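To keep things clear, I will list the structure first and then write my remarks on it.
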Amino acid sequence: MKIRHTGRTRRFALGSTVALTVAGMNAPAVLGFATDQYHHYAINRPAYKAEYGHWQTLVLPAEFRINAIHAALLRTGKVLIIAGSGNNQKNFDAGTFRSLLWDPVANTYKNVPTPADMFCGGHTALPDGRMLVAGGTRRYEALDGAVKKAAGTMRIRNEDPDAARSLPRGTVFRAPDGREYVSTADVTVPAATKTGAGTATVVKAGETRVFAEAVAPGPDSVLDSPAQYTIKGLTGADARNVYGMADRMTLEKQDYQGIRAAFEFNPDTELYEQVTDMAYARWYPTLTGLGDGRVVTVSGLDDTGQILSGNDNEIYDPARKTWSKAPDRYFPTYPSIFLTASGRLFYSGSNAGYGPADKGREPGLWDLADNSFHPVPGLRDPELTETSSSVLLPPAQAQKVMVLGGGGVGESPLSTARTDIADLTAAQPAFTPGPDLPAGGTRYLNSVILPDDTVFTTGGSRDYRGKHRSDLLKAQTYHPDTNTFTTAAEPTVGRNYHSEALLLPDGRVAVLGSDPLFNDKAGTEPGTFEQRIEIYSPPYLFHGERPRLTGAPAAAKLGSTVQVTAPAPDGIATAKLVRPSSVTHATDVEQRSVALDITARTADGLALTLPANANLLPPGWYLLFVTDTAGTPSEARWIQVTP
């Protein structure tokens, strides 16, 4: 039997005894068939759906099947699904990069031209509804044993204070013993800086980094000690001023490398539009929108495969489409960083996996104004925050962030069932224990804020990337008001690494992706990327007639009061603005549900007052929901919040 719920489900099971007994008198195969038939019957009964919800599976037409690495809900109601090369090196080598637009209402699909490999970049919605996508993949990793040419990071120095120096891809660096290495990207080395005068003049060389690999394959090009390299083609003063430095050139594992490119996806033209490149290449970065509409961008692997040091954070200004330096702060890759009502950023400790185990893992509040960082203590299992989920609990006014599950650093098999909650309104914020996840230790859990002020969590696996067939076909709903989980209907598709889940405007939840390391329990059969989409309909969609919003303004200012039309307004209990999801690697720092005050009721509608705090309600497009006294939500209407 697959049904393991309590309550009504238990009563359903009692009614199945006769059917199962008759099936058992025929043959085990018939018994299995009967059990599956009963399961299908039970989960489709109205009473079951009303208590646990319901799943449906979409199998896309072949030409639209895609490896969903990133997913974002656009203000048009369509979902932008980004694969880039889709964790497939053959696609990368062929320059085959993909994005898909899916309309969940019409159930239509459209392939979108994708100008760069956005695989494992970062993304967030801008105030005008465009989607900023930054970073991605410049080079795939090469594992130990697969590296054919010795390679490493070349630091290029320029001691000329009068001019920067541009060096094209393919520039040759010669070691003192004559061995040669070539750069794999175009770089510009800044001019040196000069201070003082006369005999007190100090020149500090300009410096940049580039990945370089040996001209010739094999172990003869390995250099295990630091060396200074001349640049082929330079002579005289140029040769003295511009040179390379490298610690080692090895055949060891080479990590993924990032790109500097950034794009805005235009939901009107349904095309990517290139904007100014970032100053630093990024693979696995986090982008968090700020209250003034700008976007802070942190972490990632650079274009040499090294994790960024923290003095390379950047801020994107959508008005100018330019980048500027942000305060220094180190984080591991894909850190979960939330904008708080105070304007500070809260790092929950959740991250997605690159960086040392003893650096940048401590949760805390980061103030961009003075670059201070105040640790938030109390998180249990602090060594198990990789691949964990974090969510700003509804309503956002409560300023509580929940951390759910997670695993050990790298390919650790460890996972935790821990949930902890940080109350950021406290004088001394700290984590306190929440209820354990019902499925036990869970990595890659997706968490989605629902319009009834609950959090739906689904999927994940117990082991790294679903190893040993450890996917958890479980789902549950967290209730912030009672600090408890309730059981939800079980999904039928396993989801682990590279999976996403997001709220749709009609109140359903779309679940996409999954990239298991292996297909079999023994770990001998390479995994297959999951291309089916599942849609979960929560129980509130089976509770009878829903409240309706028949009219609302297209835009509203912070702190303003807006009039909306709704039949039977006396039956409406709450109103909220839900920021649409922008999710990858179980990381979604943008979703939030902001409660609105119902300040008046008329015969045919309501007056709703928005908070005035842009840090609580950042500018941008939102889903406006109302719910009745039973918690049943309306379908959403889109509204743009402006300063």
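First residue of the sequence shown? That's 14 in the numbering used here, and the numbers climb one at a time after it. Think of the CB as a built atom: it goes at the ideal place given N, C-alpha and C, for glycine as much as any other residue. Treat the numbers as computed from the prediction; the structure is a model and nothing was measured.
Residues bridged to residue i (per DSSP)
i	result
residue 338	327
residue 258	168, 241
residue 610	622
residue 588	609, 639
residue 7	Since the first residue shown for the chain is 14 and the last is 656, residue 7 is missing from the structure and cannot be characterised.
residue 144	138, 278
residue 123	114
residue 564	578
residue 500	489
residue 380	385
residue 399	364, 420
residue 56	Residue 56 pairs with nothing; no bridge assigned.
residue 271	150
Three-state class that DSSP yields for residue i in the structure shown
i	result
residue 534	coil
residue 112	strand
residue 646	strand
residue 234	helix
residue 478	helix
residue 411	helix
residue 652	strand
residue 222	strand
residue 217	strand
residue 549	strand
residue 582	helix
residue 67	strand
residue 61	helix
residue 84	strand
residue 386	strand
residue 364	strand
residue 459	strand
residue 20	Because the pLDDT at residue 20 is just 38, under 50, the model does not fix this residue reliably, and the value given afterwards should be weighed accordingly. If DSSP states are grouped into helix, strand and coil, residue 20 belongs with coil.
residue 105	helix
residue 374	coil
residue 517	coil
residue 95	strand
residue 50	helix
residue 465	coil
residue 151	strand
residue 358	strand
residue 601	coil
residue 34	The pLDDT assigned to residue 34 is 34, lower than 50, so where the model puts this residue is not dependable; a value taken from the coordinates is nonetheless given after this. Reduced to three states, the DSSP call for residue 34 is helix.
residue 630	coil
residue 40	At residue 40 the pLDDT is 48, less than 50, meaning the model places this residue with poor confidence and gives no usable figure here.
residue 658	Residue 658 lies beyond the residue range present for the chain, which begins at 14 and ends at 656; the question has no answer from this structure.
residue 555	helix
residue 249	helix
residue 212	helix
Presumed contact (8 Å Cβ cut-off) between residue i and residue j, rounded CB distance
i	j	result
residue 108	residue 296	The pair is not a contact, with the Cβ atoms about 17 Å apart (cut-off 8 Å).
residue 234	residue 163	4 Å
residue 407	residue 477	No, residue 407 and residue 477 are not in contact; Cβ-Cβ is about 31 Å, not under 8 Å.
residue 435	residue 629	Going by Cβ atoms, the distance from residue 435 to residue 629 rounds to 17 Å, so no, they are not a contact pair.
residue 622	residue 612	5 Å
residue 140	residue 331	7 Å
residue 635	residue 592	6 Å
residue 345	residue 322	The Cβ separation is near 12 Å, so there is no contact.
residue 166	residue 244	Residue 166 to residue 244, Cβ: 16 Å. No contact.
residue 276	residue 128	7 Å
residue 292	residue 327	6 Å
residue 606	residue 466	7 Å
residue 646	residue 464	4 Å
Would you call the stretch 443 to 453 and the stretch 579 to 593 in contact, with 3 or more CB pairs under 8 Å? no
Inter-stretch contact at 8 Å, needing at least 3 Cβ pairs: the stretch 363 to 379 / the stretch 397 to 405: yes
Which parts of the stretch 278 to 310 are runs of the beta strand (DSSP E), unbroken and 3 residues or longer, counting only runs that do not cross its ends? 284 to 288, 299 to 302
Meets three-Cβ-pair contact criterion under 8 Å: the stretch 318 to 330 and the stretch 262 to 282: yes
For the structure I just gave you, are there three or more beta carbon pairs, one from the stretch 337 to 355 and one from the stretch 168 to 186, closer than 8 Å? no
Across the stretch 174 to 192 and the stretch 276 to 288, are there enough close Cβ pairs to call them in contact, namely three or more that are closer than 8 Å? no
Determine contact between the stretch 80 to 90 and the stretch 121 to 138, defined as no fewer than three beta-carbon pairs at a distance below 8 Å. yes
Inter-stretch contact at 8 Å, needing at least 3 Cβ pairs: the stretch 501 to 521 / the stretch 593 to 610: yes
If we require 4 or more residues per run, which alpha helix (DSSP H) segments fall completely within the stretch 157 to 210? none
So does the stretch 534 to 542 actually touch the stretch 559 to 570, counting three or more Cβ pairs closer than 8 Å? no
So, do the stretch 73 to 81 and the stretch 120 to 127 have three or more beta carbon pairs nearer to each other than 8 Å? yes
Quick check: the stretch 142 to 156 against the stretch 240 to 258, are there 3 or more CB pairs under 8 Å? no
Do three or more CB pairs link the stretch 462 to 472 to the stretch 497 to 507 at distances below 8 Å? yes
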